[in-house]
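Residue numbers are given in our numbering: position 78 of the sequence shown equals residue 78, and the series is strictly consecutive. The C-beta atom is built at its ideal place from N, Cα and C for all residues, glycine as well.
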Amino acid sequence: DVYKVIEGASYAMQVKKDPEMEKYIDSLIKIIGKAQEKDGYLYTFRTANVAKPHEWIGTKRWEKEEELSHELYNAGHLYESATAYFEATGKRSLLNIAIKNADLLVKDFGPGKLKIYPGHQIVEIGLVRLYRATGNQKYLDLAKFFLDIRGPKGDPYNQAQAAVVDQNTAVGHAVRATYMYTGMADVAALTGDTKYLAAIDKIWDDVVTKKLYLTGGIGATGAGEAFGEAYQLPNMSAYAETCAAIANIYWNSRMFQLHGDAKYFDVLERTLYNGLLSGVSLSGDRFFYPNPLASMHQHQRSAWFGCACCISNMTRFLPSVPGYVYAQNNNDLYVNLFMSNSADIKLPATSVNLIQQTAYPWNGKVELTVNPEKAASFKMYIRIPGWANESPVPGDLYSYLNKNKQMVKLLINNQPAKYTISKGYAVLERKWKKGDQIVLDLPMEVRKVLANAKVKDDAGKFAFERGPIVYCLEGPDNKDELVQNILIDKNAVATTSFLPAKLNEIEEIKVMGSSTRRKLNSDELEYVSQEVTAIPYYTWANRGPSDMTVWIPFEASAARPQPAPTIASQSKVSSSLKNVQLMQSIKDQYEPGDSKDTSYPYLHWWPKKNTVEFVSYDFAKEEQVSESAVYWYDDSPWGGCTIPLSYKVLYLKDGKWLPVEKTDDSGIAKDVYNVVKFKPVLTKGLKLEIQQPLAHSAGIHEWKVK
Numbered sequence: 001d002v003y004k005v006i007e008g009a010s011y012a013m014q015v016k017k018d019p020e021m022e023k024y025i026d027s028l029i030k031i032i033g034k035a036q037e038k039d040g041y042l043y044t045f046r047t048a049n050v051a052k053p054h055e056w057i058g059t060k061r062w063e064k065e066e067e068l069s070h071e072l073y074n075a076g077h078l079y080e081s082a083t084a085y086f087e088a089t090g091k092r093s094l095l096n097i098a099i100k101n102a103d104l105l106v107k108d109f110g111p112g113k114l115k116i117y118p119g120h121q122i123v124e125i126g127l128v129r130l131y132r133a134t135g136n137q138k139y140l141d142l143a144k145f146f147l148d149i150r151g152p153k154g155d156p157y158n159q160a161q162a163a164v165v166d167q168n169t170a171v172g173h174a175v176r177a178t179y180m181y182t183g184m185a186d187v188a189a190l191t192g193d194t195k196y197l198a199a200i201d202k203i204w205d206d207v208v209t210k211k212l213y214l215t216g217g218i219g220a221t222g223a224g225e226a227f228g229e230a231y232q233l234p235n236m237s238a239y240a241e242t243c244a245a246i247a248n249i250y251w252n253s254r255m256f257q258l259h260g261d262a263k264y265f266d267v268l269e270r271t272l273y274n275g276l277l278s279g280v281s282l283s284g285d286r287f288f289y290p291n292p293l294a295s296m297h298q299h300q301r302s303a304w305f306g307c308a309c310c311i312s313n314m315t316r317f318l319p320s321v322p323g324y325v326y327a328q329n330n331n332d333l334y335v336n337l338f339m340s341n342s343a344d345i346k347l348p349a350t351s352v353n354l355i356q357q358t359a360y361p362w363n364g365k366v367e368l369t370v371n372p373e374k375a376a377s378f379k380m381y382i383r384i385p386g387w388a389n390e391s392p393v394p395g396d397l398y399s400y401l402n403k404n405k406q407m408v409k410l411l412i413n414n415q416p417a418k419y420t421i422s423k424g425y426a427v428l429e430r431k432w433k434k435g436d437q438i439v440l441d442l443p444m445e446v447r448k449v450l451a452n453a454k455v456k457d458d459a460g461k462f463a464f465e466r467g468p469i470v471y472c473l474e475g476p477d478n479k480d481e482l483v484q485n486i487l488i489d490k491n492a493v494a495t496t497s498f499l500p501a502k503l504n505e506i507e508e509i510k511v512m513g514s515s516t517r518r519k520l521n522s523d524e525l526e527y528v529s530q531e532v533t534a535i536p537y538y539t540w541a542n543r544g545p546s547d548m549t550v551w552i553p554f555e556a557s558a559a560r561p562q563p564a565p566t567i568a569s570q571s572k573v574s575s576s577l578k579n580v581q582l583m584q585s586i587k588d589q590y591e592p593g594d595s596k597d598t599s600y601p602y603l604h605w606w607p608k609k610n611t612v613e614f615v616s617y618d619f620a621k622e623e624q625v626s627e628s629a630v631y632w633y634d635d636s637p638w639g640g641c642t643i644p645l646s647y648k649v650l651y652l653k654d655g656k657w658l659p660v661e662k663t664d665d666s667g668i669a670k671d672v673y674n675v676v677k678f679k680p681v682l683t684k685g686l687k688l689e690i691q692q693p694l695a696h697s698a699g700i701h702e703w704k705v706k
């Protein structure tokens, strides 16, 4: 993480010199140098020789590298940091440390030496950067070696289930995977390895057409922080790790450099403005690890994590954004992202200063002034975003319900431009002179997005988009601070307002819809008309924990109505767990598909184990009750929760909790309601007293009372 922070600071200093920051980094580099062993090994946990080393480390170097030691992972970040600092300052202090460490890897790994692949990929990317900085072929060769020895019978978790050239679908840990695909692209670009290209082309297609969230996030499940199956894209339990969003940008940037196709920047831009930017608060000091697409108060950003990879990754990525705006290939100059800036680019024909002025992404007008050092002929490639051409992302994973009413406009010096279209770019070829102005005008209309019918969690729902921005509904903007129960007609007309003072400047969407509520003992719903407000997804959770959803039901069957008035739904919940929002989940009347279902919030006591816990209902008034039905949460064998060892049903009498007198007990089982019938009691409360398993926690989806 220290290396990543130095890398981010280096990118910032490439844009603007900062002597004080540079001095501080130099002091860190001295410490890093002192921590390095004589032969170049740099892994402080082992060097410090602590009394109780972590079980991931092993007893000797590289012993557990293929598992979880992260020795090569740390090295990869060292190399990226060192090359970035060298590029920013010209200083070799950190670069020399990196070279010394890389030389050790060359000595230890390779044909006839250790054949161990990295447990967490990134050293491949770092070695390629070191090769570019030094020109030393051995670093590129080692990067390729680490890729080639992967598989064929390892763990899909870290993409070792097959040789990398034989992989064609994205599996396992999403960050590890996309770092590997990025490394493969780097090596392929420098070696011309067509097998690498064929593999990552297939994998990219698999991700973009089957495993990509609308926000650009990747990684459907928290179990292994991993890709799910094709079209497995749950919203409430979406993992979509911030690090994975950053890695997805790295990968798509490399794919563009290989193929020169705008579709890669369509994915990159979508990720940048949505799934990545949501990972950091508007104040810049709080962070998300996962980035779900729905919430019922159970998510909020944190100032720090025990595993702080996402925080330091965001720190190194954001200062690097200027490097993604333009690209150059001989005399072809690409404009890939739209934001106000000034850039100086050297072409074979001439040096060019570009000045971009725009209020994008709120306004689709982009003014680009071209100032060549001398009049010269070259091509300008202006990306026409897929969202402006009826294509949210390449493929059929997402589509627009409504078409743009306006067309893309492109002018040169106030006249309609003559251009051709190539791989998603408008190609302008002419002799450019100082002061030539290109104006791109993109239609910024509110769009409704539909997901492929195979994405079960999005059936009967749409999402709002405007330009590259994905929108969500959030509690603070809507009636009763509820959004899960909202239904909007798919033909409803939306309006927008620019609000410079709200959430650090946003374009807000408003539309009429309805709130829904269940009726008691009926399948029918109650509907109440209301105005609905949508905000950019990346701005959510900046006003505290809240209700939120990206996908909005237009079919009643897809709605999540408010509970019908029952004894349970009108009760106050108390528990040995102090999370108030999780406590409310046991009476929300959302029926789980099975015990491991994470589509809705649930109560759990993880990480507590082998303890006695409780949850109770304080009834709104005295009730006669005779039945309790509990649906347990159980994510075994991979998760931390199982059904309890035992539990008791107690009722409140004269201020004391007494056991009910059972007449029937269905026992304890997962995937069904566990029903206890008892002699009727007149009481103001019921309580569950739960004995958790020895090595696991317990949890509850729903608790019904009759």
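Between which two residues does the alpha helix (DSSP H) harbouring residue i extend?
{"i": "VAL106", "result": "93-108"}
{"i": "PHE146", "result": "137-148"}
{"i": "LYS448", "result": "Counting along the chain, LYS448 falls outside any alpha helix (DSSP H), though it belongs to the beta strand (DSSP E) covering 446-451."}
{"i": "VAL528", "result": "Premise fails: VAL528 lies in the beta strand (DSSP E), 525-536, not in any alpha helix (DSSP H)."}
{"i": "ILE586", "result": "Looking at the DSSP string, ILE586 is not in any alpha helix (DSSP H), and its letter there is neither H nor E."}
{"i": "LYS34", "result": "19-35"}
{"i": "SER283", "result": "Run containing SER283: none; DSSP gives neither H nor E here."}
{"i": "LEU78", "result": "71-89"}
{"i": "LEU258", "result": "242-259"}
Are the beta-carbon atoms belonging to residue i and residue j less than 9 Å from one another?
{"i": "SER595", "j": "PRO680", "result": "no"}
{"i": "LEU645", "j": "VAL660", "result": "no"}
{"i": "ALA240", "j": "TYR273", "result": "no"}
{"i": "LYS4", "j": "SER278", "result": "no"}
{"i": "GLU66", "j": "PRO111", "result": "no"}
{"i": "LEU473", "j": "ILE552", "result": "yes"}
{"i": "PRO536", "j": "ILE469", "result": "yes"}
{"i": "ALA82", "j": "PRO319", "result": "no"}
{"i": "GLN691", "j": "VAL573", "result": "no"}
{"i": "SER340", "j": "THR358", "result": "yes"}
{"i": "ALA223", "j": "ASP671", "result": "no"}
{"i": "LEU482", "j": "ILE438", "result": "no"}
{"i": "ARG254", "j": "ALA199", "result": "no"}
{"i": "ASP148", "j": "VAL171", "result": "no"}
{"i": "TYR157", "j": "HIS173", "result": "yes"}
{"i": "ARG61", "j": "ASP108", "result": "yes"}
{"i": "VAL370", "j": "GLY284", "result": "no"}
{"i": "SER215", "j": "ILE249", "result": "One point to set straight first is that residue 215 is Thr, not Ser, in the sequence displayed. In this structure, ILE249 does not lie closer than 9 Å to THR215 by Cβ."}
{"i": "GLY217", "j": "GLY275", "result": "yes"}
{"i": "ASP18", "j": "SER93", "result": "no"}
With respect to the beta strand (DSSP E) encompassing residue i, which residues constitute its N-terminal and C-terminal limits?
{"i": "ALA262", "result": "Element bounds for ALA262: not the beta strand (DSSP E) but the alpha helix (DSSP H), 262-270."}
{"i": "THR420", "result": "420-422"}
{"i": "GLU429", "result": "425-432"}
{"i": "PRO659", "result": "656-659"}
{"i": "VAL470", "result": "469-474"}
{"i": "ILE412", "result": "409-412"}
{"i": "THR194", "result": "THR194 -> not in any beta strand (DSSP E); alpha helix (DSSP H) instead, spanning 194-210."}
Look up residue i in the DSSP assignment and give the residues it is bridged to.
{"i": "ILE506", "result": "LEU499"}
{"i": "THR221", "result": "ALA226"}
{"i": "HIS173", "result": "ALA226"}
{"i": "SER628", "result": "VAL676, VAL705"}
{"i": "PHE462", "result": "ILE552"}
{"i": "GLY699", "result": "HIS604, TYR633"}
{"i": "CYS641", "result": "SER697"}
{"i": "SER562", "result": "In the sequence under discussion, the amino acid at residue 562 is Gln, which differs from the Ser named in the question. Paired residues: ARG517."}
{"i": "GLY685", "result": "ASP618"}
For residue i and residue j, which I take to be in contact (beta-carbon distance under 8 Å), what is that distance rounded to the nearest angstrom?
{"i": "PHE554", "j": "LYS456", "result": "So it is not a contact: roughly 16 Å between Cβ atoms."}
{"i": "LEU282", "j": "THR539", "result": "7 Å"}
{"i": "TYR600", "j": "ILE700", "result": "That belief does not hold up - the Cβ atoms of TYR600 and ILE700 are roughly 12 Å apart, past 8 Å."}
{"i": "LEU520", "j": "ALA453", "result": "33 Å between Cβ atoms; not a contact."}
{"i": "GLU689", "j": "LYS648", "result": "4 Å"}
{"i": "PHE614", "j": "SER571", "result": "Not a contact, Cβ separation roughly 14 Å."}
{"i": "VAL705", "j": "SER628", "result": "6 Å"}
Does any residue of chain B have a CB that is nearer than 9 Å to the CB of residue i?
{"i": "ALA199", "result": "Reference to chain B is not applicable here, since this structure consists of a single protein chain."}
Self-check item: Every unbroken beta strand (DSSP E) inside the region 359-387 [3 residues or more]
Solution: 365-372, 376-383
Exercise. Starting from the N-terminal side, write out each stretch of the alpha helix (DSSP H) that is 4 residues or longer and does not extend beyond the region 286-360.
Key: 309-317
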